[in-house]
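There are 2 protein chains.
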Amino acid sequence: MTARTSSETAREIPEATVARLPVYLRALTTLSDEGTSTCSSEDLASAAGVNSAKLRKDLSYLGSYGTRGVGYDVEYLRYQIAREIGVTQDWPVVIVGIGNLGHALANYSGFRSRGFRVVALLDADPVREGEVVAGVEVRPFDHLEQIVSEHDVAIGVIATPALAAQDVADRMVACGVTSILNFAPSVIAVPDGVDVRKVDLSIELQILAYHEQRKAQVLDGAG
Amino acid sequence: MTARTSSETAREIPEATVARLPVYLRALTTLSDEGTSTCSSEDLASAAGVNSAKLRKDLSYLGSYGTRGVGYDVEYLRYQIAREIGVTQDWPVVIVGIGNLGHALANYSGFRSRGFRVVALLDADPVREGEVVAGVEVRPFDHLEQIVSEHDVAIGVIATPALAAQDVADRMVACGVTSILNFAPSVIAVPDGVDVRKVDLSIELQILAYHEQRKAQVLDGAG
DNA sequence: GCCGTTTTGTTCTCGCGTTCACAAACTCCT
DNA sequence: AGGAGTTTGTGAACGCGAGAACAAAACGGC
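So this is what it looks like as structure tokens:
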């Protein structure tokens with residue numbers, strides 16, 4: 310067995326690179342579906358919408374999977390990235406909060422096709438219990454602990470209103486969830502060792518509005 | 310006396326700061342709802358989930374809206390940030406692609422309450438035409454040009470399948486949309502001067518999966 | 001087997017963003 | 001009024017990421 314010492318663990322991939330790997334993965338899948346078997350860094354970079362130098366640098370953190378003078382084997386690179394991200398295995402996921410957004414998430418086919426399996430839909434509102442969404446029955450939020458331990462769930466998705474988010478997060482963390490994707494419009498606090506990513510629909514629009522306003526101001530000032 | 314010429318466009322706010330302003334805005338709204346009239350940078354920072362030094366530096370780009378030894382007036386600061394972002398006015402928005410996600414977006418109350426008004430829902434599928442979602446009727450995609458010019462729409466939301474996204478973006482740009490929020494899982498190309506922000510649900514999960522896998526590897530190596 | 005061409009992997013430099021640390025400024029108490 | 005105690009606003013140091021440029025390596029033709 311290889312002594313997995315700090316030198317091996319030292320293969321730390323920068324966060325900015327990690328965030329782009331899924332983009333490369335998708336671009337490679339597209340290329341593969343189109344029948345492309347080999348591509349240059351330039352090809353892949355334009356398919357992913359990034360600079361080719363940046364792409365090569367990103368890939369170099371994973372290892373030397375390309376061939377100089379030739380490029381990258383699409384299937385091989387795709388597998389290597391998938392393995393690095395961890396989506397060659399199946400990740401069980403729990404979604405809490407089956408309102409409008411929860412419905413959309415439960416129905417989103419992109420999860421399943423990318424290595425994620427929705428094992429349970431939970432909602433605190435008894436009215437929603439029993440409803441079947443995307444082939445999965447909505448169950449009471451109180452079943453959280455049982456489901457997490459039963460399916461060994463590490464990733465939880467919060468799609469509740471803002472007020473409920475912190476409570477849900479606390480319960481998740483308490484029963485062993487260590488990664489949370491938070492769609493609720495509120496900041497949630499978690500202990501060290503738990504990763505939280507936040508997706509906020511209205512924040513994205515507000516950022517666009519800021520730039521839009523600036524464009525308008527520049528026009529006003531010029532006129 | 311500083312000549313604060315309000316048409317001073319030289320005041321460029323760093324992109325990273327712009328992305329956090331909506332978070333501060335939300336935190337201030339929460340504080341306001343709780344009846345808080347004044348807060349320190351420490352208070353606001355913890356409510357927003359950031360470092361207080363970073364918060365102060367961010368706010369300093371907008372101007373000196375605090376009082377040393379006292380803190381910030383919640384209402385006043387809230388208005389200043391809202392004005393800076395541009396959400397004191399109302400932004401008309403068009404959503405294209407009324408599938409699962411489009412439904413959720415159309416129903417999302419956070420848009421309206423934050424200065425955005427959904428003026429039209431468009432879908433290329435005739436089956437969906439006429440359906441009323443959140444009080445707005447679904448209309449054919451071909452009405453895009455008319456709606457954009459009629460309501461002076463600057464911001465478009467794409468919630469279509471990946472294959473349609475580029476076409477939709479092209480049509481939007483052609484008729485004057487200059488900011489696009491893209492939920493479709495594909496990279497879209499737009500000319501200079503058009504802003505695109507991308508929200509990708511499965512990419513966020515994949516990033517979590519990567520870190521989750523690393524946690525598991527560390528445990529394996531230790532055990 | 002050797003040379004030119006192509007493309008990767010990597011080094012270097014630069015700019016942005018984060019954080020620390022502290023002076024300036026305001027309030028409150030005596 | 002003056003000093004002690006707070007809290008803001010900002011200058012400076014530091015670290016990370018982006019992009020350019022180049023050396024190393026593979027292929028193909030002869």
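Which chain is which? The protein sequence lines are Z and Y, in order.
Offset between the first sequence (1-based) and my numbering: plus 309.
Offset between the second sequence (1-based) and my numbering: plus 309.
Ideal placement from N, C-alpha and C gives every residue a C-beta, glycine not left out.
As the structure is a prediction and not an experimental result, all values here were calculated from the model.
Among Y:374, Y:404, Y:338, which one has its Cα closest to the Cα of residue 357 (chain Y)?
-> One-based indexing of the second sequence puts residue 357 (chain Y) at position 48. Of the candidates Y:374, Y:404, Y:338, the one whose C-alpha sits nearest the C-alpha of residue 357 (chain Y) is Y:338.
So, using beta-carbon positions, are residue 512 (chain Z) and residue 332 (chain Y) closer together than 8 Å?
-> As a working note, residue 512 (chain Z) is residue 203 in the first sequence. As a working note, residue 332 (chain Y) is residue 23 in the second sequence. Contact flag set, yes.
Specify whether the segment 468–487 of chain Y and the segment 434–454 of chain Y touch according to this definition: at least 3 beta carbon pairs, one from each stretch, less than 8 Å apart.
-> Verdict: yes, contact present.
Reference residue 334 (chain Z); option with closest CA among Z:382, Z:518, Z:509 | For the purposes of this step, residue 334 (chain Z) is taken as the residue at position 25 of the first sequence. Looking at the Cα atoms, Z:382 is the closest of the given residues.
Sheet register partners of residue 488 (chain Y) (DSSP bridge) | Taking the second sequence and counting its residues from 1, one reaches residue 488 (chain Y) at position 179. Looking at the DSSP assignment, residue 488 (chain Y) forms a beta bridge with Y:464, Y:504.
Just checking my contact of residue 524 (chain Z) with residue 487 (chain Y) at CB under 8 Å: how many whole Å lie between their CB atoms?
-> For this step, residue 524 (chain Z) is matched to residue 215 along the first sequence. For this step, residue 487 (chain Y) is matched to residue 178 along the second sequence. The Cβ separation is near 6 Å, so the contact holds.
If we cut at 8 Å on Cβ distances, does residue 475 (chain Y) have a partner in chain Z?
-> Residue mapping note: residue 475 (chain Y) aligns to position 166 of the second sequence, counting from 1. Not a single CB atom of chain Z sits nearer than 8 Å to the CB of residue 475 (chain Y).
What are the boundary residues of the beta strand (DSSP E) that residue 420 (chain Z) is part of?
-> Locating residue 420 (chain Z) in the first sequence gives position 111, where the first residue counts as 1. Bounds of any beta strand (DSSP E) do not take in residue 420 (chain Z); it lies within the alpha helix (DSSP H) bounded by 418–421.
Contact belief for residue 359 (chain Z) with residue 329 (chain Z) at Cβ below 8 Å, rounded distance in angstroms = As a working mapping, residue 359 (chain Z) is identified with position 50 in the first sequence. As a working mapping, residue 329 (chain Z) is identified with position 20 in the first sequence. The distance from the Cβ of residue 359 (chain Z) to that of residue 329 (chain Z) is about 7 Å, consistent with a contact at the 8 Å cut-off.
Interfacial residues, the segment 494–520 of chain Y to chain Z, with Cβ spacing under 7 Å | So the close ones are 494, 496, 504, 506, 508, 510, 511, 512, 513, 514, 515, 516, 517, 518, 519, 520.
Given residue 349 (chain Z), which residues of its chain have a CB within under 6 Å of its CB, disregarding the five upstream and five downstream residues?
-> Taking the first residue of the first sequence as 1, we reach residue 349 (chain Z) at position 40. Excluding positions up to five away in sequence, the list reads 380.
Answer with buried or exposed for residue 507 (chain Y), where buried requires no fewer than 16 other C-beta atoms within 10 angstroms of its C-beta.
-> As a position in the second sequence, residue 507 (chain Y) is number 198, starting the count at 1. Label assigned to residue 507 (chain Y): buried.
Which whole runs of the beta strand (DSSP E) in the segment 384–446 of chain Z are 3 residues long or more, in chain order?
-> Fully enclosed beta strand (DSSP E) runs of no fewer than 3 residues occupy 400–405, 425–432 of the segment 384–446 of chain Z, in order along the chain.
Under 8 Å between C-beta atoms, does residue 341 (chain Z) make it to chain Y?
-> As a position in the first sequence, residue 341 (chain Z) is number 32, starting the count at 1. Judged by the 8 Å Cβ criterion, residue 341 (chain Z) is not in contact with chain Y.
Residues near residue 533 (chain Z) by beta carbon distance below 6 Å, same chain, minus five either side = Any answer about residue 533 (chain Z) is impossible in this case: the structure gives chain Z only from 310 up to 532.
On a CA-only basis, which of Z:340, Z:399, Z:341, Z:370 is nearest residue 325 (chain Z)? Give me that one, please.
-> Walking along the first sequence from the start, residue 325 (chain Z) turns up at place 16. For residue 325 (chain Z), the nearest C-alpha among the options comes from Z:370.
The beta strand (DSSP E) enclosing residue 382 (chain Y), as first and last residue numbers = Within the second sequence, residue 382 (chain Y) is the residue found at index 73, counting from 1. Residue 382 (chain Y) -> beta strand (DSSP E) spans 380–382.
Opposite residue 448 (chain Y) in the DSSP bridges: which residues?
-> Reading the second sequence from its first residue, position 139 is the one you call residue 448 (chain Y). Note: residue 448 (chain Y) is bridge-paired with Y:431 in the DSSP secondary-structure output.
Neighbour list for residue 452 (chain Z) in chain Y, Cβ cutoff strictly below 7 Å | Mapped onto the first sequence, residue 452 (chain Z) falls at position 143. For a Cβ distance threshold of 7 Å, nothing in chain Y lies close to residue 452 (chain Z): the least Cβ distance comes to about 22 Å.
Report the residue from Y:527, Y:461, Y:520, Y:528 whose alpha carbon sits nearest the alpha carbon of residue 322 (chain Z).
-> The residue labelled residue 322 (chain Z) in the question sits at position 13 within the first sequence. Of the candidates Y:527, Y:461, Y:520, Y:528, the one whose C-alpha sits nearest the C-alpha of residue 322 (chain Z) is Y:520.
Since residue 463 (chain Z) meets chain Y, which of its residues come closer than 7 Å, beta carbon to beta carbon?
-> Residue numbering aside, residue 463 (chain Z) sits at position 154 when the first sequence is read from its first letter. Contact of residue 463 (chain Z) with chain Y by beta-carbon distance below 7 Å involves 521.
In angstroms, rounded to a whole number, what distance separates the CA positions of residue 412 (chain Y) and residue 476 (chain Z)?
-> Here the question's residue 412 (chain Y) lines up with position 103 in the second sequence. Here the question's residue 476 (chain Z) lines up with position 167 in the first sequence. The alpha-carbon of residue 412 (chain Y) is positioned some 27 Å away from that of residue 476 (chain Z).
With burial defined as no fewer than 16 other Cβ atoms inside 10 Å of the residue's Cβ, what is the status of residue 472 (chain Z): buried or exposed?
-> By one-based count along the first sequence, residue 472 (chain Z) stands at place 163. Exposed, by the Cβ-count rule.
When burial is assigned at 16 or more other CB atoms within 10 Å of the CB, is residue 444 (chain Y) buried or exposed?
-> As a first step, residue 444 (chain Y) is located in the second sequence; it is residue number 135 there, counting from the start. Exposed: under 16 other Cβ atoms inside 10 Å.
Can you name the residues of chain Y whose CB is closer than 8 Å to the CB of residue 417 (chain Z)?
-> Indexing the first sequence from 1 puts residue 417 (chain Z) at position 108. Residues of chain Y passing the Cβ test: 409, 410, 510, 511.
Residue environment, residue 436 (chain Y), which counts as buried when at least 16 other CB atoms sit within 10 Å | Residue mapping note: residue 436 (chain Y) aligns to position 127 of the second sequence, counting from 1. Note on residue 436 (chain Y): under 16 other CB atoms within 10 angstroms of its CB, so exposed under the neighbour-count rule.
Tell me, please, whether the CB atom of residue 404 (chain Y) is closer than 8 Å to any CB atom in chain Z?
-> Working through the second sequence from its first residue, we reach residue 404 (chain Y) at position 95. So, not an interface residue.
Within its chain, find whatever has a CB closer than 7 Å to the CB of residue 474 (chain Y); leave out the 5 residues flanking it on each side and keep chain order.
-> Against the second sequence, residue 474 (chain Y) aligns to sequence position 165. The answer, listed in chain order, is 467, 491, 493, 495, 497.
Who are the Cβ neighbours of residue 460 (chain Y) in its own chain at under 7 Å, not counting the five residues just before and after it?
-> For the purposes of this step, residue 460 (chain Y) is taken as residue 151 along the second sequence, with counting starting at 1. Counting only Cβ-Cβ distances below 7 Å, and skipping sequence neighbours, we find 401, 428.
Looking at residue 425 (chain Z) and residue 514 (chain Y), is the spacing between their C-beta atoms short of 8 Å?
-> Residue mapping note: residue 514 (chain Y) aligns to position 205 of the second sequence, counting from 1. Residue mapping note: residue 425 (chain Z) aligns to position 116 of the first sequence, counting from 1. Closer than 8 Å, so yes.
In chain Z, which residues lie less than 7 Å from residue 394 (chain Y) when you measure between Cβ atoms?
-> Taking the second sequence and counting its residues from 1, one reaches residue 394 (chain Y) at position 85. Per Cβ cutoff of 7 Å: 515, 518, 519.
In angstroms with no decimal places, state the Cα-to-Cα distance between residue 500 (chain Y) and residue 410 (chain Z).
-> In the second sequence, residue 500 (chain Y) corresponds to position 191, counting from 1. In the first sequence, residue 410 (chain Z) corresponds to position 101, counting from 1. Residue 410 (chain Z) has its alpha-carbon roughly 31 Å from the corresponding atom of residue 500 (chain Y).
So, using beta-carbon positions, are residue 395 (chain Y) and residue 518 (chain Z) closer together than 8 Å?
-> Stepping through the second sequence from its first residue, residue 395 (chain Y) is reached at position 86. Stepping through the first sequence from its first residue, residue 518 (chain Z) is reached at position 209. The answer is yes: Cβ separation under 8 Å.
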